[in-house]
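Working notes, structure below.
Number of protein chains: 2
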Amino acid sequence: MGQLSRLIEPVLLFLLARKGHSYGYDLAAELPAYALGPEPVDRTTLYRCLRQLETHGHLVSHWDLPTAGPARRVYCVTASGRQHLQEWMRALELFSGTLDRLLREARILESPVEESLTT
Amino acid sequence: MGQLSRLIEPVLLFLLARKGHSYGYDLAAELPAYALGPEPVDRTTLYRCLRQLETHGHLVSHWDLPTAGPARRVYCVTASGRQHLQEWMRALELFSGTLDRLLREARILESPVEESLTT
DNA sequence: GCAACTAGATGTATTTCGCACCTAGTTGCA
DNA sequence: TGCAACTAGGTGCGAAATACATCTAGTTGC
């Protein structure tokens, strides 16, 4: 397996909407809690996803120069981004419904086998 | 959006496990009912996924030559394939749990906004 | 003075995916 | 007879997504 879609775009939008604003390195630390799939997300994918959301107008960024440490590119969700997040959530609701049905019906397949006595 | 992972591998394994055996064109017709995502799945992707599952030993195929119509490559799930399906289902259970939590927490974000009076 | 950590970025190879296109058998109809 | 529509499978290629390696640069602690 392994190729559970990264699907990090909606998670990033969600985290940013909830936190108000954040930056890549920080989001990378929060992502595992919501990452859809077990494999850790590559930082490159995350940075590029943020940049792409910005070019699409869903985020805006500015440089934050903390008194200590390297500069951070801080992102905020725009109105367009909030709308995009809601579209994502509608899509994910459907996704979730289909997935649950699949899991339910797959469990029915598994249960009646019981070949433990044939050993 | 659009890139809700195709995630068709577990669906194909599930459908084949339930039906006993089937072929690409038929599975393509059943897929939309379980497709995780709204966009229709390209037939190329489906055929290639079946071939890949076969090279990994999760499926076996033989040619069926019906009295009417073109030949069909009929697939059956192997023992390895059934095991693989169960692994997939375990992964998708986790996936579903995380997804539901994301949806729940995102709904909390949306609800309290209510800017309808500011127009 | 150097290792470890924070923070962001690029460049490139690989993988995945979708589109266009092809073969071939059958059915229906004009 | 000819051809459109449908069934059934497949290939080749380009675009997009992804992963890996590598780079710069500031700070902290030893």
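Those protein sequence lines, which keep their order, are chains P and Y. Taking my numbering, the leading residue of the first sequence gets 744, the next gets one more, and so forth. Taking my numbering, the leading residue of the second sequence gets 744, the next gets one more, and so forth. Glycine included, C-beta positions come from ideal geometry on N, C-alpha and C. None of the values given here were measured: they were computed from a predicted structure.
Check the DSSP bridge columns for residue 766 (chain Y) and list the partner residues they point to. Y:817
Under 9 Å by beta carbon: chain P residues contacting residue 795 (chain Y): Correct list: empty, because the minimum Cβ distance to chain P is about 11 Å.
Using a Cβ-Cβ distance under 9 Å, would residue 771 (chain Y) count as near chain P? no
Would you say residue 839 (chain Y) reaches chain P, if we count a Cβ-Cβ gap shorter than 9 Å as a contact? yes
Counting pairs of Cβ atoms below 8 Å between the region 836 to 850 of chain Y and the region 776 to 791 of chain P, do you hit three or more? yes
For the region 770 to 855 of chain Y, which segments carrying the beta strand (DSSP E) assignment without a break, of at least 3 residues, lie completely within its bounds, in sequence order? 802 to 807, 815 to 820
Identify each residue in the region 818 to 842 of chain Y for which the Cβ-Cβ distance to at least one residue of chain P is less than 9 Å, and report them in chain order. 825, 827, 828, 829, 830, 831, 832, 834, 835, 836, 837, 838, 839, 841, 842
Determine the DSSP secondary structure at residue 750 (chain Y), reduced to helix, strand or coil. Assignment of residue 750 (chain Y) by DSSP, reduced to helix, strand and coil, places it in the coil class.
I'd like to know whether the C-beta atoms of residue 756 (chain Y) and residue 820 (chain Y) end up nearer to each other than 9 Å. It is a contact, given that the beta carbons lie within the stated cut-off.
Of the choices P:801, P:834, P:837, whose alpha-carbon is the least far from that of residue 759 (chain P)? P:801
For residue 853 (chain Y), which residues in chain P fall below 8 Å Cβ to Cβ? The contact set of residue 853 (chain Y) on chain P, defined by CB atoms closer than 8 Å, consists of 829, 832 in chain order.
Does DSSP classify residue 745 (chain P) as helix, strand or coil? Unreliable placement is indicated for residue 745 (chain P), whose pLDDT of 47 sits below 50; the coordinate value is still reported in the next sentence. Coil, per DSSP.
Please compile the residues from chain Y whose C-beta is within a distance smaller than 8 Å of the C-beta of residue 754 (chain P). 845
Give every residue of the same chain whose Cβ lies closer than 7 Å to the Cβ of residue 773 (chain P), excluding the five residues on either side of it in the sequence, and list them in chain order. 758
Select from the region 774 to 789 of chain Y all residues with a C-beta closer than 9 Å to any C-beta belonging to chain P, and list them in chain order. Within the region 774 to 789 of chain Y, the residues whose Cβ lies closer than 9 Å to some Cβ of chain P are 776, 777, 778, 779, 780, 781, listed in chain order.
Could one say the Cβ of residue 850 (chain P) lies closer than 9 Å to chain Y's Cβ atoms, at least one of them? Closer than 9 Å: yes.
Could you tell me the distance, in whole angstroms, from the CA atom of residue 782 (chain Y) to the CA atom of residue 826 (chain Y)? 28 Å
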